[in-house]
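Its first residue numbered 885, the sequence shown is counted upward by one per residue in the working numbering. Below is one structure, written out as structure tokens; comments come after it.
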Amino acid sequence: MAKVKKKIKTIKIDLDKCNGCRACEVICSAFHANPKYSSNNPARSRIRLVRAPIRDVYLPVYAGEYAKAECAGRDKYVIDGKEYKECDFCRASCPSRDVFKEPDSGLPLKCDMCEDDPPQEKPLCVQWCLNDALIYEEREEEVEEEVKMEDVEVGLESLVDKYGLQKVMDTVARMSTKE
Ligand code: SF4
Ligand code: SF4
């Protein structure tokens, strides 16, 4: 496979600085609303806050890959005496919970580093985090050329998992005759 230069974008999360204000959720959901900035429902955000103020737990988690099935084993973290619930650190859009799913359609959400149209120079959640809990970094690496899966393919895959291929194909065929 051919090697290509790739820009690796990283957001470092400094948990000690996060105060759970949820500004990151607000701006992410507004940027990804349709039309843009028409709403700011945190359920549409690609970053979600795990909040437990009594235990001083504020954990920003970014939406990652879509998972077809929930995993059999679970992890529990204890950091500085604070115990996190199972799945708190998980980034997957998975059948076992409601986070990282578009609330109307149920389609999986994934952080796109604000490369959506118009692409942002710096992720908006980083820009809106006034406590500097989110720190953006970039570097270049040589990697093997990957075949990028389009969002529409990921969405279709999740619909096929949920309803079966035949039902999705029948629905698309029915919709196309309506147009
Ligand atoms: S980088 Fe952009 S898409 Fe990703 S969580 Fe932050 S605001 Fe949302
Ligand atoms: S904007 Fe920053 S401080 Fe506020 S919840 Fe998000 S990560 Fe935490």
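For every residue, glycine included, the Cβ atom is placed at its ideal position computed from N, Cα and C.
Asked	Found
Status (buried if at least 16 other CB within 10 Å, exposed otherwise) for Arg-1058	exposed
Contact test: Ala-907 Cβ vs ligand 2 heavy atom, cutoff 6 Å	yes
Cys-1013 beta carbon near ligand 2 (any heavy atom closer than 6 Å)	yes
Closer than 6 Å: Pro-944 CB and nearest ligand 2 heavy atom	yes
Spatial distance of Cys-978 from Lys-1051 (CA atoms)	21 Å
Separation of Gln-1011 from Glu-954, as counted between CA atoms	33 Å
Contact test: Leu-1008 Cβ vs ligand 4 heavy atom, cutoff 6 Å	Inclusion of ligand 4 in the displayed structure is not the case, the ligand content consisting of ligand 1 and ligand 2 alone.
Distance between Glu-986 and Tyr-961 (C-alpha atoms, nearest Å)	27 Å
Cys-998 beta carbon near ligand 2 (any heavy atom closer than 6 Å)	no
Reduced DSSP category for Lys-1062 - H, G, I as helix; E, B as strand; rest coil	helix
Alpha helix (DSSP H) runs contained entirely in the region 919-956, provided each spans 4 or more residues	none
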